[in-house]
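Participant: Before we start, here is the structure in question, set down as structure tokens.
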Amino acid sequence: MSYTPALFALLQKVLAPAQCCIDDMEGLGMGDWHASVLVDNTQYLSSFDPLALNDRDLVGDTPLEIAYRLNRIALIEKLEALGAVGEKQRRDWKGLGSFMPHDKYMHLPARQGKIKTLETRFRLGGSLNHRDVDGNTPIHWLAINGHFKAVRYFTDSCRMFELDMNAKNNEGNTARNLAILNGHHDIAQQLLIREIDNYISATRIWHEMSAEWTWMLPSRNA
Numbered sequence: 001m002s003y004t005p006a007l008f009a010l011l012q013k014v015l016a017p018a019q020c021c022i023d024d025m026e027g028l029g030m031g032d033w034h035a036s037v038l039v040d041n042t043q044y045l046s047s048f049d050p051l052a053l054n055d056r057d058l059v060g061d062t063p064l065e066i067a068y069r070l071n072r073i074a075l076i077e078k079l080e081a082l083g084a085v086g087e088k089q090r091r092d093w094k095g096l097g098s099f100m101p102h103d104k105y106m107h108l109p110a111r112q113g114k115i116k117t118l119e120t121r122f123r124l125g126g127s128l129n130h131r132d133v134d135g136n137t138p139i140h141w142l143a144i145n146g147h148f149k150a151v152r153y154f155t156d157s158c159r160m161f162e163l164d165m166n167a168k169n170n171e172g173n174t175a176r177n178l179a180i181l182n183g184h185h186d187i188a189q190q191l192l193i194r195e196i197d198n199y200i201s202a203t204r205i206w207h208e209m210s211a212e213w214t215w216m217l218p219s220r221n222a
């Protein structure tokens, strides 16, 4: 599998600060359409093979399903217009956190961008994934209010802080969506990289687990 030249050059640029690389994407069966969704780019869609529009990666996701999962708004519109297929339920998934409409323990310091307070409270049992009355997580609030240092601090260690990078609020927006809507493009770029790393990592783990389960199943010829 190889990517179209223009997309390949874009991937090299976008993925330069990421933990994953182009080889990782190719190894997981992600073609041009999948890759464009991950990097949130619509520029080269017309140059892609239309017959590959609904191809599935190694865990069974179509490009549109990835777009639903990550709420890639422009790509959802374009892919649906092209006749792409995918399970819309993926877009409805809000996230791992509990709904805590009156929580201030984590959400208030998040609004204020207080890194040390958030980290201390996380270590005392607080969650960066819980959703307030509007469905926003603490990471949503960091993105809304432009706290770049805090966003970078927590998302660079998203596994340690158990972050759900795909969490959506009541309007279906991810933290990155809100960063874009509020003009915080440095935060949006940081979140894009971590969304990509998170998706690639989760896809690799799921694929490896699926392979192990298949190996453990009894043979039909046994």
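Counting from 1, position 163 in the sequence shown corresponds to residue 163 in UniProt numbering; the numbering is continuous, with no gaps.
We put the CB at the ideal spot given by N, CA and C, even for glycine.
Which residues does DSSP list as the beta-bridge partners of F99?
Facilitator: Beta-bridge pairing links F99 to R131.
Participant: Can you name, in chain order, every residue of its own chain whose Cβ lies under 6 Å from the Cβ of T117, other than the five neighbours on each side?
Facilitator: P109.
Participant: Let's see if you can read the secondary structure: which residues bound the alpha helix (DSSP H) around A110?
Facilitator: Note, A110: alpha helix (DSSP H), 107-112.
Participant: Nearest by alpha-carbon distance to R72: which of T42, H147, S47 is it?
Facilitator: Closest by alpha carbon: T42.
Participant: Does the segment 130-138 come close enough to the segment 50-69 to have 3 or more Cβ pairs within less than 8 Å?
Facilitator: The answer is no - the segment 50-69 does not touch the segment 130-138, with fewer than three Cβ pairs under 8 Å.
Participant: Hey, how far is the Cα of G83 from the Cα of Q12?
Facilitator: Those two C-alpha atoms are separated by around 29 Å.
Participant: Within the same chain, show all residues whose beta-carbon is closer than 8 Å to that of G126, passing over the 5 residues directly before and after it, in chain order.
Facilitator: Excluding sequence neighbours, G126 sits near Y105, M106, L118.
Participant: Quick one: grab the DSSP three-state call for Y44.
Facilitator: It is coil, neither helix nor strand.
Participant: Helix, strand or coil for S2, going by three-state DSSP, please let me know.
Facilitator: Correct three-state label for S2: coil.
Participant: Between which two residues does the alpha helix (DSSP H) containing Q89 stretch?
Facilitator: Run containing Q89: 89-92, per the alpha helix (DSSP H) assignment.
Participant: Between which two residues does the alpha helix (DSSP H) harbouring K78 extend?
Facilitator: Per DSSP, K78 belongs to the alpha helix (DSSP H) from 73-81.
Participant: In chain order, what residues of the same chain have a beta carbon less than 7 Å from the beta carbon of E195, not counting five sequence neighbours either side?
Facilitator: Excluding positions up to five away in sequence, the list reads L70, M165, R176.
Participant: Please go through the same chain and pick out, in chain order, the residues whose beta-carbon is closer than 8 Å to the beta-carbon of R220, but skip the five residues on each side of it.
Facilitator: Caution applies to R220, whose pLDDT of 48 falls short of 50 and renders its modelled position unreliable; the model cannot decide the point.
Participant: What number of angstroms, rounded off, separates the C-alpha of Y44 from the C-alpha of L7?
Facilitator: For Y44 and L7, the distance between alpha carbons rounds to 7 Å.
Participant: When the distance is taken between beta carbons, is L28 closer than 8 Å to R204?
Facilitator: Yes, the pair counts as a contact, with Cβ atoms nearer than the cut-off.
Participant: So the alpha helix (DSSP H) R176 belongs to, where does it begin and stop?
Facilitator: 175-181 is the span of the alpha helix (DSSP H), which, as asked, contains R176.
Participant: Terminal residues of the continuous alpha helix (DSSP H) containing K116?
Facilitator: Per DSSP, K116 belongs to the alpha helix (DSSP H) from 115-123.
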